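Peer 1: Here's a structure for you.
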Amino acid sequence: MSTLVIDPLYVDPLGTAELAAAQIATRTAIARHDVALVMGSGWVGATEALGTPTHEFNAEEIIGFLPPSVAGHSGKIRSYEIDGPSGSLRALVFLGRTHLYEGKGIEPVVHNVRTAVKAGCKVVILTNACGGINTTYRVGQPVLIRDHISLTATSPLIGANFVDLTDLYSKRIRTIVKSEDASLQEGVYVHWRGPTYETPAEILMMRTMGADLVGMSTVPEAIAAHALGAEVLGISLVTNAAAGVTGEKLNHEEVIAAGKAAAERMGALLKGVIPKLI
Ligand code: 8IG
């Protein structure tokens, strides 16, 4: 006889996120966090600029979170106190995320941001490493996500929940970030399920559709966070030219190396911006 174990995440995603938020509040003794950061491939080094976390634990110790499955994704949750001009705020930082290509469905992919919003976060900062489709981009360049194109044929929302996505990547927040670093460009991010990279023909299709960046994350989290009322900032780090752009092949080590090199700049940017968001 076999035992079927049904994870509560799939039965009651929002209720599970509420439970997860309560577990985080208990573990940190902090009732409410203000800002969430999801640190993607290569972004973990950028957290050094935030100082020393007051708390750190493995995400899988919190209900609904899966163990990490990708190199460069450590699966930790940290809490930071960040000082700013108008007092201090609390940042809830997720090192690593779950991706659609892991095949566990969409619920684990968005559990991080749902938990963050239930923990009190009004702003969700989503970072990722991605391929550059726009040929003016250079490896190691951060780009603000202005809009997205979803090519995964899935959504974190179910039911007649017709959420408007016109200002999904908050214009207010992009303006604040650009006042911190005027050299930042904006682009349109394509969500590709993966785990294969695109073919050169698919990259040509995406460029023709108006895309600048391509990656395997961020879009479901942005939608789920926005649907729960949080403001979203998306920042992509271009870590490789997309397929067919340079004739080089793509590899994951190149991604990790480009992230390490850009970590200091990214960390300073985040530290400068976070206190101005709330
Ligand atoms: I890093 O070129 C990274 N992630 N789909 N394509 C897609 N995802 C990526 C890429 C890329 N680079």
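Just so you know, we're using our numbering here: the sequence shown kicks off at 585 and counts up by one. C-beta: ideal position from N, C-alpha, C; glycine also. Bear in mind that the values here come from a model prediction, so they are computed numbers and not experimental data.
Once you ignore the five residues that flank residue 847 on each side, which residues in its own chain have a CB closer than 6 Å to its CB?
Peer 2: 629, 630
Peer 1: Which residues does DSSP list as the beta-bridge partners of residue 623?
Peer 2: 679
Peer 1: Mind the definition here: the region 633–642 touches the region 717–736 only if three or more C-beta pairs lie below 8 Å; say whether that holds.
Peer 2: no
Peer 1: With residue 647 and residue 603 assumed to form a contact (beta carbons below 8 Å), what rounded beta-carbon distance in angstroms separates them?
Peer 2: Between the beta-carbon of residue 647 and that of residue 603 there is about 5 Å, and that keeps the pair under the 8 Å contact cut.
Peer 1: Pull the bridge partners of residue 714 from the DSSP assignment, please.
Peer 2: 822
Peer 1: Can you confirm whether the region 805–813 touches the region 776–786 when touching is taken to mean that 3 or more C-beta pairs between the two stretches lie within less than 8 Å?
Peer 2: no
Peer 1: Within 7 Å: the Cβ of residue 788 and any heavy atom of the ligand SAM?
Peer 2: No copy of the ligand SAM occurs in the structure displayed; its ligands are the ligand 8IG alone.
Peer 1: For the putative contact between residue 827 and residue 787, defined by C-beta atoms under 8 Å, what is the C-beta separation to the nearest angstrom?
Peer 2: Confirmed, Cβ separation roughly 5 Å.
Peer 1: Between the C-alpha atoms of residue 615 and residue 623, what's the straight-line distance to the nearest angstrom?
Peer 2: 22 Å
Peer 1: Per DSSP, residue 871 is paired with what?
Peer 2: Beyond the ends of the chain as shown, which are 585 and 862, falls residue 871; an answer cannot be given.
Peer 1: For a test of the three-state rule: what should DSSP assign to residue 662, helix, strand or coil?
Peer 2: strand
Peer 1: Anything with a beta carbon under 6 Å from a heavy atom of the ligand 8IG counts; list them all in chain order.
Peer 2: 625, 713, 714, 715, 776, 778, 781, 782, 798, 799, 800, 823, 824, 826, 834, 839
Peer 1: Quick one: give me the first and last residue of the beta strand (DSSP E) that residue 828 is part of.
Peer 2: Where residue 828 is concerned, there is no enclosing beta strand (DSSP E), given that its DSSP letter is neither H nor E.
Peer 1: Given residue 673, which residues of its chain have a CB within under 8 Å of its CB, disregarding the five upstream and five downstream residues?
Peer 2: 618, 619, 665, 666, 858, 859, 862
Peer 1: Just confirm the distance between the C-beta atoms of residue 612 and residue 663, as a whole number of angstroms; I'd bet it's less than 8 Å.
Peer 2: 5 Å
Peer 1: So, at 7 Å on beta carbons, what are the nonlocal neighbours of residue 889 in its own chain, with the 5 sequence-adjacent residues on each side left out?
Peer 2: Nothing can be reported for residue 889: it is not among the residues displayed for the chain, which extend from 585 to 862.
Peer 1: Which residue wins for smallest C-alpha separation from residue 680, given the options 599, 710, 851, 853?
Peer 2: 710
Peer 1: Residue 696 by DSSP, collapsed to three states: which one?
Peer 2: The three-state reading of DSSP puts residue 696 in helix, counting H, G and I together.
Peer 1: Tell me the rounded alpha-carbon separation between residue 830 and residue 775.
Peer 2: 21 Å
Peer 1: Reducing DSSP to helix, strand and coil, say where residue 721 ends up.
Peer 2: Three-state DSSP puts residue 721 in coil, outside helix and strand.
Peer 1: List the whole-angstrom C-beta distance separating residue 839 from residue 626, where the pair is believed to meet the contact cut-off of C-beta under 8 Å.
Peer 2: 6 Å
Peer 1: Could you say which of 845, 692, 658 lies nearest to residue 677 if we only look at CA atoms?
Peer 2: 658
Peer 1: Would you list the residues sitting across from residue 674 in a DSSP beta bridge?
Peer 2: 665
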